[in-house]
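Going by the numbering used here, the sequence shown opens with residue 2, and the numbers climb by one from there.
To keep things clear, I will list the structure first and then write my remarks on it.
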Amino acid sequence: MFSRKSRIFMRILAAALVVFTSTLIAAAQEDLNPNSPTPILLSHVGTTRALAIPADSLGRINLSRAKGQAFAPNARIVLFLTNLDLMKGEGANAFRVYAEDSLGHKYRFPSLSLEAVPEGARGTFALTTELTDELGYWDAPEANGDLAVYITWRGLASNTVQLGLGEMGGGVGDIAGAVPTPIGTTVEKTTKTRGRTDFENFVGYRWSGDRIRFLEQATFGPTAALDERIRRIGLRTWLAEQFEVIYPSAANPYPNIPLKSANSGDTVNGCGGLPAPETTVCFRDFYSQYPVQNWFYKEAFYGEPQLKHRVSWALGQIWVISGVDTQQSSHMIAWHQLLSKSAFGNW
């Protein structure tokens, strides 16, 4: 048997363990900053010309001494980026390289590889690309001068730099509003608190690219009002609101469409025997998807419960019923009601 002192010691130990475990759980529930910083495409010192080298020179050239140069069409080159916060496994396929020539034609070059630059340029990444248009909409850009080049990452666009194709100079000329971004360029400072990044006088999601990307996934399209709300209250609060909001919107309830006869020519319970104009309207309102579509898009464009509407629509893409076989509007409404009822449940 345990002595009295032993029992007291065990109770103290158990209490300490509970407190310690609770602390760990609380820490684990505190998310890291989910915001994506805006990428910076590096240039040479004192100019907006891209810091770029041939792909086979990576690791052999001191970037601080690299000289501006032009590249041949289809050449593989390396561009340099900073101000990135990559997730585990995130690589070149998360980036897009865009270029524009003096005619305003836009091209997309492939993103082939991404790697951290070794010592000497901490926080800098090397993105290998090929000066070949992936899109193929326009003929290949002519090798007669500078292109305007920028990259995108997580929906955020970097600054724009000049890149010589065939020769330096000419082409797009000076880029309006562009400033030099040499190695060591930084953005506004942040402070670290308990493993996360906090911005002074700010609540919610700071970066517009993250908010817009989220709204494209969780709603039927970003709006200025939704963007501003998420910027102020953050995603967790907005999601909590969406889980509780009444669906459909009070101003746009489910259509109450009586069930018609399976025989549309029925003169008692169908649309038969009516004058021509009334027959057309009757068929539209009871034997087509028009009333359902009308209700659906009003809710998608103007409705408040965007998340449930989007989830219900997604479920409808998994369990599909056809508007050809399901001829009556009321049947389609009943199907959508079934999907939306458990939209946030476990199917």
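We treat Cβ as the ideally placed atom computed from N, Cα and C, and that holds for glycine.
Owing to the predicted nature of the structure, the values given are computational and were not obtained by experimental measurement.
Assumed close pair residue i, residue j - CB separation to whole angstroms, cut-off 8 Å
i: residue 86; j: residue 38; result: 6 Å
i: residue 334; j: residue 255; result: 6 Å
With 16 other Cβ atoms within 10 Å as the buried cut-off, status of residue i
i: residue 195; result: Since pLDDT at residue 195 reaches only 42, below the 50 mark, its modelled position is unreliable, and no value is offered.
i: residue 217; result: exposed
i: residue 300; result: buried
i: residue 53; result: buried
i: residue 304; result: buried
i: residue 88; result: exposed
i: residue 302; result: exposed
i: residue 220; result: buried
i: residue 213; result: buried
i: residue 278; result: exposed
i: residue 162; result: buried
i: residue 173; result: buried
Pick from the options that is closest to residue i, judged by C-alpha positions
i: residue 271; options: 116, 215, 317, 329; result: 329
i: residue 171; options: 159, 144, 312, 158; result: 144
i: residue 100; options: 56, 78, 164; result: 164
i: residue 111; options: 123, 118, 97, 117; result: 97
i: residue 115; options: 106, 91, 123, 132; result: 91
i: residue 148; options: 61, 154, 175; result: 175
i: residue 61; options: 75, 79, 48, 49; result: 79
i: residue 166; options: 50, 235, 298, 340; result: 50
i: residue 341; options: 142, 250, 130; result: 250
i: residue 292; options: 45, 319, 257; result: 257
i: residue 160; options: 150, 140, 139; result: 150
i: residue 44; options: 333, 187, 76, 332; result: 187
i: residue 42; options: 325, 74, 124; result: 124
i: residue 146; options: 255, 74, 117; result: 74
i: residue 107; options: 48, 140, 238; result: 140
i: residue 109; options: 117, 220, 131, 127; result: 131
i: residue 56; options: 69, 48, 76; result: 76
i: residue 243; options: 70, 266, 311, 290; result: 311
i: residue 290; options: 332, 252, 313; result: 332
i: residue 168; options: 265, 142, 184, 320; result: 142
i: residue 313; options: 325, 339, 324, 327; result: 339
i: residue 326; options: 263, 40, 252, 129; result: 263
i: residue 184; options: 228, 84, 315; result: 84
i: residue 129; options: 177, 179, 58, 178; result: 58
Alpha carbon of residue i to alpha carbon of residue j, nearest angstrom
i: residue 306; j: residue 344; result: 12 Å
i: residue 66; j: residue 72; result: 18 Å
i: residue 134; j: residue 158; result: 19 Å
i: residue 354; j: residue 275; result: No answer is possible for residue 354: the residues shown for the chain start at 2 and end at 348.
i: residue 104; j: residue 153; result: 21 Å
i: residue 288; j: residue 273; result: 12 Å
i: residue 63; j: residue 240; result: 48 Å
i: residue 245; j: residue 260; result: 31 Å
i: residue 248; j: residue 318; result: 19 Å
i: residue 208; j: residue 137; result: 32 Å
i: residue 93; j: residue 82; result: 12 Å
i: residue 237; j: residue 231; result: 9 Å
i: residue 1; j: residue 126; result: Absent from the model: residue 1. The displayed extent of the chain is 2 to 348, so no value can be given.
i: residue 118; j: residue 347; result: 45 Å
i: residue 95; j: residue 113; result: 11 Å
i: residue 286; j: residue 265; result: 12 Å
i: residue 308; j: residue 223; result: 12 Å
i: residue 233; j: residue 215; result: 15 Å
i: residue 229; j: residue 280; result: 47 Å
i: residue 315; j: residue 324; result: 17 Å
i: residue 227; j: residue 177; result: 31 Å
i: residue 269; j: residue 282; result: 16 Å
i: residue 267; j: residue 320; result: 31 Å
i: residue 179; j: residue 252; result: 48 Å
CB contact flag (residue i, residue j, <9 Å)
i: residue 337; j: residue 297; result: yes
i: residue 235; j: residue 155; result: no
i: residue 69; j: residue 181; result: no
9 Å Cβ cutoff, residue i in contact with chain C
i: residue 344; result: No chain C appears in this structure, which consists of one protein chain only.
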